[in-house]
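Converting from the sequence shown to this note's numbering requires adding 21 to each position, the first position being numbered 1. These notes concern the structure reproduced below.
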Amino acid sequence: MNSAARIEAFLEMMSAERGAAENTLSSYRRDLEDASAGIAGGLAGATSADIRAYLDDIAARGFAATSQARKLSAIRQFFKFLYTEGLRGDDPTGTLDSPKKGRALPKTMSEADTGRLLDRAAQEAKDPSMHDGDTLAALRLQALVEVLYATGLRVSELVGLPVTVAQRDDRFFMVRGKGNKERMVPLSAKARTAMRTWLAARAAVPALADSPFLFPAAADSGYLSRQVFARELKALAARAGIAAAKISPHVLRHAFASHLLQNGADLRAVQQLLGHADISTTQIYTHVLEERLMRLVNDHHPLAD
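Dropping the structure here:
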């Protein structure tokens, strides 16, 4: 079999029938051509043993499990195409197991560091020496970090909040998340106060006052971009004496979840607050539960050291 021709036919199918993007097609091409070069006789005629030997080789070359899994996925798609088109009578990838990925623990922050970050944001929002423009930015940043830590919202959900959220003095509000699904999230007293203070400052600026968004900006979307918020958050962390490389909006979302679990929250409740459709997504935090259980035993069991 001419492997190069078969790969081209596969890529044409991906483009024409599935509308694959150029980047996707380029990624498939790289992975399939690399596999074909690494297998004697080419990829199209490879056996299960050939493919397994290739995967062992790239693992020995130091490829991460995620890269190995991506390459195997491309090979699986390729052979599924050959089998469907009648170009092969078997699928040699059917008996192959995917490389096991290590569980990546989410980056998070300690409660002490989170407290320092929030305190610094509050201090800057009340700094009388700031110019009006700087004060406005500081009030906005304080509202952003207070709401993010109080709710664990995704950054895209946070920056796109409607202004009506701040116009109600409710302890909970509804947010529309992934899949257009609504969920109810709690709002702390500090977050409500920060939002009301920001809302009052925002109302005094004609260019912002009529926006339907809580955090308006001169962007196509009409609201603050995720990138701008992430940059401001890192700068705030640096001013609070926290390494900027260790913080991002997503890290603060992880801190929300981790701190809840550390203080006794139920995993299912955290799943609902984060807006995870499946509990398995929330189970990345089980290490927090394990640490809590160990502390519980060590602190209270009569035979603990």
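All residues carry an ideal CB built from backbone N, CA and C; glycine is no exception. Note that the coordinates shown come from a computational prediction; the quantities given were computed from them, not determined experimentally.
If you draw a straight line from the alpha carbon of residue i to that of residue j, how long is it in whole angstroms?
i	j	result
R109	Q304	41 Å
D299	Q292	8 Å
S57	G296	42 Å
T20	Y75	Nothing can be reported for residue 20, as the shown portion of the chain is limited to 22 through 326.
G243	A133	35 Å
I28	D77	22 Å
A26	G66	12 Å
A265	V272	11 Å
A85	A41	25 Å
F31	I79	23 Å
S246	S119	37 Å
Do the CB positions of residue i and residue j come within less than 7 Å of each other?
i	j	result
L162	E33	no
A215	E167	yes
F236	V180	yes
A171	A212	yes
A276	T116	no
D148	K92	no
Residue i: buried (16+ other C-beta within 10 angstroms of its C-beta) or exposed?
i	result
R141	buried
V249	exposed
G173	buried
F100	buried
S279	buried
V226	exposed
H152	exposed
R274	buried
Q89	buried
M130	buried
R175	buried
E178	buried
E145	buried
A164	buried
M35	buried
S24	buried
T114	buried
A228	exposed
Grab the span of the alpha helix (DSSP H) containing residue i for me, first residue to last.
i	result
E253	247-260
P270	270-283
V226	Run containing V226: none; DSSP gives neither H nor E here.
I305	Element bounds for I305: n/a, residue is neither H nor E.
S36	24-39
L295	288-295
Would you list, in sequence order, the uninterrupted beta strand (DSSP E) runs of no fewer than 3 residues that lie entirely inside the region 120-198? Within the region 120-198, the complete beta strand (DSSP E) runs of at least 3 residues are 193-197.
In the region 53-123, which residue ranges form an unbroken alpha helix (DSSP H) of at least 4 residues, counting only runs that do not cross its ends? 69-81, 86-105
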